Amino acid sequence: MTDRRLVVFAVGNESRGDDALGPMLASRMEPYLPKGTRLIVDFQLQVEHALELEGAELALFIDASCISEAPFTFREEIPSGRSPTFSHALEPKAVLAVARRLDARPPPAFVLGIRAQSFELGEGLSERARSDIEDALAFVRDLLGELDVNRWRAIARGLSLQ
Amino acid sequence: MASSLETAENRGDLRRVVIDPVSRVEGHGKVTLLLDEAGHVREARLHIVEFRGFEVFIQGRPYWEVPVMVQRLCGICPVSHHLAASKALDHVVGAAAITPTAKKLRRLMHYGQILQSHALHFFHLSSPDLLFGFESEVGRRNVVGVAETYPEVARQGVMLRRFGQEVIRATAGKRIHGTGSVPGGMNRHLAAEDRDALRADIGQVIEWSRAAVELVKRLHRSNPGLYDQFGAFRANMMSLVRDDGAMDLYDGALRFRDGDGDILLDGIPDAMYRSVIREQVKPWSYMKFPYLQQLGPDDGWYRVGPLARVQNCDFIPSPLAEAERREFIDHGNGSPVHATLAYHWARMIEMLHAAEVLRDLLDDGDLLAGSLLAGGERRLEGIGIIEAPRGTLIHHYEVGDDDLVTMCNLIVSTTHNNQAMNTAVREVARRYLDGRELTEGLLNHIEVAIRAYDPCLSCATHALGKMPLALELIEADGSVAGRLVRD
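Sequences listed follow chains A and B, in order. The working numbering puts the first residue of the first sequence at 1, with every later residue one more than the last. The working numbering puts the first residue of the second sequence at 1, with every later residue one more than the last.
So, in structure tokens, the structure goes:
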């Protein structure tokens with residue numbers, strides 16, 4: 001894959017406990033990002049993020065996850081907007097679906113969800129999240145070693161079978 | 001203006017319907033309805049179910065950090081907090097009057113925020129209900145559904161939003177955690193290349209904004225029975241206005257009008273807000289209920305935000321938006337417009353005004369040069385008020401001699417609208433739900449009324465899987481008669 005073809009979205013609020021996992025991991029992984037990667041850190045995913053997918057060959061969304069039982073999960077995301085929106089924010093699959101409808105041609109996209117449990121304003125990361133982010137960082141460093149969609153899919157499938 | 005349906009008698013004998021959380025609003029709120037055996041609504045409440053703790057978060061911090069850190073309170077309108085805190089702390093550094101260049105840069109940032117926030121709300125949060133119908137297929141009633149069926153509408157919404165975000169980036173330094181505004185002024189000019197890029201697009205932005213006003217007017221004309229009556233109730237109004245009565249979303253003095261449109265109070269400077277506004281506490285909600293002190297809690301509550309602002313001012317100081325305001329006022333036939341869905345019409349008029357203000361500011365050379373900072377005698381207290389996208393936002397700080405914040409009081413727009421949103425829920429429940437078998441579509445009427453206010457209930461907590469929707473019908477004995485969960 002050539003330069004500037006990976007776009008990474010790191011989502012969360014650094015002042016809301018484990019909601020900070022996305023931005024904090026982004027900060028830690030920045031030295032390992034391939035040259036030209038577009039890194040977008042924001043509180044929430046919004047419609048205009050669909051435009052950031054233009055021209056990318058691979059997308060990675062990183063966010064705190066309340067539904068993960070493992071320290072982190074990694075899965076491919078398919079564009080979909082069939083479920084209702086509960087917030088001003090969009091889910092990754094809805095951003096992809098908006099991109100498709102706006103002819104921004106979303107690339108294959110993956111979601112890295114890091115286990116989260118506490119979201120209080122002014123809190124730091126929970127003890128468990130501090131451990132989980134280390135696991136997630138080791139994982140993502142390996143992931144970024146080869147930007148090959150088939151490899152990422154194999155990794156996602158492998159994790160889902162565990 | 002006391003509202004019925006707030007608290008039912010014999011609450012333990014009634015069935016309970018819970019909408020938890022309300023969708024397409026920010027933060028965690030829920031609605032509970034208590035029904036008797038015949039399905040008549042006896043109680044309806046919008047609850048805010050988490051305590052925000054803003055003030056604790058800020059107390060003890062150096063005052064000069066506050067304009068940056070308050071942006072973390074809210075992922076939806078961080079710029080509003082950034083500027084309201086800066087305005088308050090201008091007083092602390094003795095700069096009640098900042099330089100012309102700094103004021104114009106802050107205005108540019110603020111009207112960029114108004115534009116992008118209003119675009120997001122109308123095109124992507126409310127248009128699914130308005131374009132498809134409140135009871136349309138739920139899986140389609142979202143931004144992706146709009147993009148499928150009305151791709152040009154969706155595209156314009158995205159592009160308006162992006163333009164506003166670019167204005168913020170150019171003035172604040174970055175889209176989130178901006179550092180542009182500081183106590184006493186600004187710390188950067190607008191770069192000439194950013195000015196040129198924004199000027200190249202502003203004509204199109206104005207045209208899209210005009211089209212948005214036309215779209216919302218078409219919706220009103222298509223179904224006046226719905227748009228003029230849905231969630232309509234008489235209410236007082238509050239907003240900032242300029243000293244000549246003009247709409248001003250960045251600065252001004254507080255004005256209150258009653259439900260007939262007569263001015264109750266005018267020219268209240270920001271430092272006097274505590275002498276006119278009180279806050280009532282109710283045992284069933286974390287969010288307080290503000291009211292105009294002279295009228296008391298039963299009659300003194302008020303609306304804020306676009307519907308109040310467009311009618312509270314005497315005129316809008318930009319020609320296209322002023323023409324639209326006049327048409328809006330004429331629609332009321334001599335009385336204020338109180339229908340909840342008129343929030344959308346007013347919001348689009350404000351978006352057009354914001355675009356016009358941005359166009360005019362971008363032609364002003366002061367943005368590129370001139371003194372950025374003012375100062376003066378250090379003070380221990382500062383109050384800043386701004387008209388955020390959702391309505392009036394008040395920041396109030398006391399700062400010790402050691403520069404640490406000792407007291408912080410924030411009244412956010414959604415808190416001002418707390419009673420109005422509850423009243424809207426009750427009006428809609430009474431009109432559309434009473435005595436009927438409840439469906440998702442009928443319950444969505446409640447959510448449509450709440451969404452019109454664009455509430456931000458807790459600010460910026462977000463994570464994958466955090467917000468499933470549950471609808472529950474609970475019998476009087478506590479058993480769950482029905483439950484629908486979407487995740």
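Ideal Cβ positions, reconstructed from N, Cα and C, are used throughout, including at glycine. Just so it is clear, the structure is predicted and the values come from calculations on it, not from any experiment.
Proximity below 8 Å, CB of residue i to CB of residue j
| i | j | result |
| --- | --- | --- |
| B:VAL405 | B:GLN71 | no |
| B:TRP266 | B:ARG278 | Before going on, a small fix: residue 266 of chain B reads as Asp here, not Trp. It is not a contact, given that the beta carbons lie outside the stated cut-off. |
| B:ALA253 | B:LEU307 | no |
| A:PRO106 | A:LEU144 | no |
| B:ALA235 | B:HIS344 | no |
| B:VAL213 | B:GLU356 | no |
| A:LEU51 | A:ALA10 | no |
| A:ARG101 | B:VAL144 | yes |
| B:LEU73 | B:HIS81 | yes |
| B:MET351 | B:SER239 | no |
| B:LEU393 | B:ILE386 | yes |
| B:LEU46 | B:ILE411 | no |
| B:ARG11 | B:GLU43 | yes |
| B:ALA489 | B:LEU5 | Since the first and last residues shown for chain B are 1 and 487, residue 489 of chain B lies out of range. |
| B:ILE202 | B:LEU362 | yes |
Residues that DSSP places opposite residue i in a beta bridge
| i | result |
| --- | --- |
| B:ASP262 | Partner(s): none; B:ASP262 has no beta bridge. |
| A:GLU76 | A:PHE110 |
| A:VAL11 | A:ASP42 |
| A:GLU69 | In the DSSP output, where bridge partners are listed per residue, A:GLU69 has none listed. |
| B:PHE315 | B:ALA246 |
| B:THR32 | B:VAL18 and B:ARG45 |
| B:SER7 | The question names Ser, yet the displayed sequence has Thr at residue 7 of chain B. Paired residue(s): none; B:THR7 is not in a bridge. |
| B:TYR497 | Nothing in the structure corresponds to residue 497 of chain B, since chain B is present only between 1 and 487. |
| A:ARG115 | A:SER65 |
| B:CYS408 | B:TYR397 |
| B:ARG379 | Its beta-bridge partners do not exist; DSSP assigns none. |
| B:ALA388 | B:GLY391 |
| B:PHE256 | B:MET238 and B:LEU265 |
| B:TYR493 | Not covered by the structure: residue 493 of chain B. The range shown for chain B is 1 to 487. |
Helix, strand or coil at residue i according to DSSP, with G and I counted as helix
| i | result |
| --- | --- |
| B:ALA235 | coil |
| B:GLY39 | coil |
| B:ALA493 | Outside the shown range of chain B, which is 1 to 487, sits residue 493 of chain B, and nothing can be said about it. |
| B:SER413 | helix |
| B:PHE230 | coil |
| B:ILE491 | Beyond the ends of chain B as shown, which are 1 and 487, falls residue 491 of chain B; an answer cannot be given. |
| B:ILE202 | helix |
| B:ILE114 | helix |
| B:HIS189 | coil |
| A:LEU159 | helix |
| A:GLU146 | coil |
| B:SER209 | helix |
| A:PRO23 | helix |
| A:LEU60 | strand |
| B:ALA147 | helix |
| B:PHE328 | helix |
| B:TYR273 | helix |
| A:VAL140 | helix |
| B:PRO62 | strand |
Proximal chain A residues relative to residue i, where beta-carbon distance stays under 7 Å
| i | result |
| --- | --- |
| B:GLY180 | Simply none; closest approach about 17 Å. |
| B:HIS124 | VAL47 |
| B:ARG162 | GLU48 and LEU51 |
Proximal residues of chain A, C-beta to C-beta of residue i below 9 Å
| i | result |
| --- | --- |
| B:PHE57 | SER15, LEU121 and GLY122 |
| B:GLN165 | GLN46 and GLU48 |
| B:LEU83 | Chain A residues near B:LEU83: none, gap ~17 Å exceeds 9 Å. |
| B:ARG430 | Within 9 Å Cβ-Cβ: nothing; B:ARG430 doesn't reach chain A, min ~25 Å. |
| B:ARG303 | Ordered by position in chain A, no residue passes the 9 Å Cβ test against B:ARG303, which lies about 21 Å from the chain. |
Neighbouring residues, chain E, relative to residue i (Cβ below 8 Å)
| i | result |
| --- | --- |
| B:ILE168 | In summary, chain E is missing from the structure at hand, where the protein chains are A and B. |
Where residue i meets chain B, residues with beta-carbon distance less than 9 Å
| i | result |
| --- | --- |
| A:LEU102 | ALA147, PRO151, ALA154, ARG155 and VAL158 |
Contacts that residue i makes with chain B (C-beta to C-beta distance below 8 Å)
| i | result |
| --- | --- |
| A:LEU25 | Result: empty, since nearest Cβ-Cβ is about 13 Å, beyond 8 Å. |
| A:ALA56 | Correct list: empty, because the minimum Cβ distance to chain B is about 17 Å. |
Within chain B, partners of residue i - CB distance below 7 Å
| i | result |
| --- | --- |
| A:ALA97 | VAL144 |
Where residue i meets chain A, residues with beta-carbon distance less than 8 Å
| i | result |
| --- | --- |
| B:GLY53 | GLU120, LEU121 and GLY122 |
message = Using a Cβ distance threshold of 8 Å, determine whether the region 23-42 of chain A contacts the region 112-121 of chain B, with at least three qualifying pairs required.
response = no
query = Does the region 92-104 of chain B come within contact of the region 365-372 of chain B, defined as at least 3 CB pairs closer than 8 Å?
reply = yes
ask   = Within the chosen definition, does the region 58-75 of chain A reach the region 121-136 of chain B through at least 3 CB pairs nearer than 8 Å?
value = no
ask   = Taking three-plus beta-carbon pairs below 8 Å as touching, is the region 48-66 of chain A in contact with the region 19-27 of chain A?
value = yes
request  = For the region 181-198 of chain B and the region 137-155 of chain B, state whether three or more C-beta atom pairs, one from each stretch, are separated by less than 8 Å.
outcome  = no
task = May I ask you to verify whether the region 195-211 of chain B touches the region 158-177 of chain B, counting CB pairs closer than 8 Å and requiring at least 3?
result = yes
ask   = Would the region 153-160 of chain A and the region 118-131 of chain A be scored as touching if the rule is three or more Cβ pairs under 8 Å?
value = no
ask   = Can we say the region 290-297 of chain B touches the region 376-393 of chain B, given the rule of at least three CB pairs closer than 8 Å?
value = no
message = Does the structure place the region 309-325 of chain B close enough to the region 240-251 of chain B that three or more beta carbon pairs sit under 8 Å?
response = yes
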